[in-house]
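Take the sequence shown: its letters are residues 328 to 405, numbered as in my numbering.
The beta-carbon is built from N, C-alpha and C at its ideal position, and this holds for glycine as well.
Since we're looking at a predicted model, the values are computed, not measured.
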Amino acid sequence: MAGDQKPPSAGGPDDVPSGAGQGWTALSYLIAGMLVWGFIGWLVDGWLETGGIATGIGIVLGMAGGVVLVIRNLGTPK
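1. Hey, which unbroken runs of the beta strand (DSSP E) at 3 residues or more fall wholly within the segment 358 to 404?
2. Among the residues of its own chain, which have a CB less than 6 Å from the CB of residue 397, if the five just before and after it don't count?
3. Compare the C-alpha of residue 384 against each of 368, 359, 345, 351 and name the closest.
4. Nearest to residue 388 by alpha carbon, out of 346, 359, 351, 332?
5. Pick from 351, 365, 376: whose alpha carbon is nearest that of residue 391?
6. Please state the DSSP three-state secondary structure of residue 349.
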């Protein structure tokens with residue numbers, strides 16, 4: 328019946344995306360982490376003149392942080 332249908336979710340902060348939404352969320356965490364921490368590493372390279380070492384370290388740290396966020400937010404069902 329029409330009265331038995333569940334209303335759509337309001338999209339609160341505790342909602343976990345399903346299907347392709349989880350994939351896009353995970354991908355965005357990884358790319359954003361690489362870009363943000365890579366940029367911070369690039370700034371440190373310009374400041375300390377380390378020749379790209381800090382940029383590489385920043386990208387690796389950003390990837391690790393992205394993985395941690397994916398596991399924390401999408402890895403365990405609530």
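Once the coordinates are examined:
1. none
2. 353, 356
3. 368
4. 359
5. 365
6. helix
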